[in-house]
Each structure stands twice: as structure tokens, then as C-alpha cells.
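If you're matching positions, the sequence shown starts at 2 in this note's numbering and goes up one per residue. Working notes, beginning with the structure itself.
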Amino acid sequence: MQVKSRHHLRSDEVREIEDGLAEQLGVEMDADTYELVELEDSDFDLVLVDGEPAVLYVDDEPFLTVHGANEYPPQTRVVTVDAGAVSFVSDGADVMRPGIVEADAEIASGDLVAIAEESHGKVLAIGRAQTDGDDMVGNEGKVVSSLHHVGDELYEFVI
């Protein structure tokens, strides 16, 4: 991933990110520096929070990266998968109903979500919900499309 541009965010842009993440995910970020990194040939822009790639923009919506979600654990919009789904989700697979043990009932179809594993609560991926949270647990069908996961280019991104 090549960096197209990089600059510090203004206080109103920082407030927009902090307020958006607090409202969407129940996350309170407490950081000193926020830098926007625009990437070439990527669907995402990154925000470095105190030098770490903690926030990404998906369709102009701020959301946590996998690193960010493990640093600032989300309280809402979380889909929890069982041990059998961990290797698939970690490799970027979409999330299927049989692998889900729990999903936030407030998730609406189209929402960005954090996908966590059940034993330690670590976030493995970020995805887009294909159905409402109260319809995610079941026997068949894809319910979350993976956008970013452990080990992908964005996860391995280093400035």
C-alpha cells in the first residue's frame, strides 16, 4: 500500500471521528494525535491515532480498524464467532450464520461491524452486515461481508 498523502487532522475533524465512534460503538478515544493517511489504490483511508492505524474510513464513515478495535474495544456493533469460524474469518472469509454465537441486536443491515472471537473477545475482522443483528444467528447463509481482517495489507500497514 502506497501513501498518497498524510496530514494532521483539524480539531473539528478529530471531534467528528471521536463523536462518530462514541455514538456507533460506545468507544471513548483518548489520544494526542490524529493523522489522515490517504492510500493509493485502496478503498479506505486510514487515521493514525497516536501513530497507530486505529481508524479507517469506509464510504466516508469512520470505523475502527482491527488494531483500533483491539485497542479501543467496541461496546456495540459486535458480532461474535465461535472457535470453528476463527481461521476462516482471520483469512478474510465472509461470516456465515452457523459460525455466529452472538450478535448485537441493534445492528442494522448495511452497518459496519466488528467481528470478534468468543474465547478472548479479540477482534479478527471488520465487515458490513448483510442482515439485522437479531437475524444473524442461525443455520445457513452469509450475514457479514468481510472488508478488513487480521493479516491483510491494511492490518500489516506500517508508516
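Cβ atoms here follow ideal geometry from the backbone N, Cα and C, with glycine treated the same way.
Notebook entry, point to check: If you pair each beta-carbon of the segment 118 to 131 with each one of the segment 66 to 80, do three or more pairs fall below 8 Å?
Noted result: Result yes; three or more Cβ-Cβ pairs closer than 8 Å.
Item checked: SER147 burial status per 10 Å Cβ neighbour count (16 or more: buried) -> Taking all protein chains in view, the Cβ of SER147 is crowded by 16 or more other Cβ atoms within 10 Å, so the residue is classified as buried.
Check: Would you call THR66 buried or exposed, if buried means 16 or more other Cβ atoms sit within 10 Å of its Cβ?
Finding: A buried status is given to THR66, since no fewer than 16 other beta-carbon atoms sit within 10 Å of its beta-carbon.
Checklist line | Runs of alpha helix (DSSP H) wholly within the segment 32 to 103 (minimum 4 residues, chain order) | finding: Whole alpha helix (DSSP H) segments, 4+ residues: 67 to 72 and 84 to 91.
Check: Relative to the alpha-carbon of MET30, which residue among GLU39, GLN3, GLU72 and ASP61 has its alpha-carbon at the smallest distance?
Finding: GLU72
Next item on the list: Taking ALA23 as part of the alpha helix (DSSP H), name the residues at either end of that continuous run.
Entry: 12 to 26
Next item on the list: Say whether the segment 95 to 112 touches the segment 43 to 51, bearing in mind that this needs 3 or more beta-carbon pairs closer than 8 Å, one atom from each stretch.
Entry: no
Check: Where does GLY142 fall in DSSP's three states?
Finding: coil
Check: Straight-line CA distance for GLY122 to ALA115?
Finding: Taken atom to atom, the span from the alpha-carbon of GLY122 to that of ALA115 is near 11 Å.
Item checked: DSSP-derived helix/strand/coil call for GLY134 -> helix
Next item on the list: Please say whether SER88 and LEU37 have beta carbons closer to each other than 9 Å?
Entry: no
Note to self: Just to confirm before moving on: does the CB-CB distance between ILE108 and PRO63 stay below 9 Å?
What the structure shows: no
Checklist line | Sequence-distant residues of its chain with Cβ nearer than 6 Å to GLY27 (five each side left out) | finding: GLN76 and THR77
Note to self: Using DSSP's beta-bridge definition, name the partner residues of ALA117.
What the structure shows: THR81 and VAL124
Margin query: Give me the residue from GLY152, VAL15, VAL138 and ASP136 with the minimum Cα distance to TYR58.
Written below: From the listed residues GLY152, VAL15, VAL138 and ASP136, the smallest Cα separation to TYR58 is found for VAL15.
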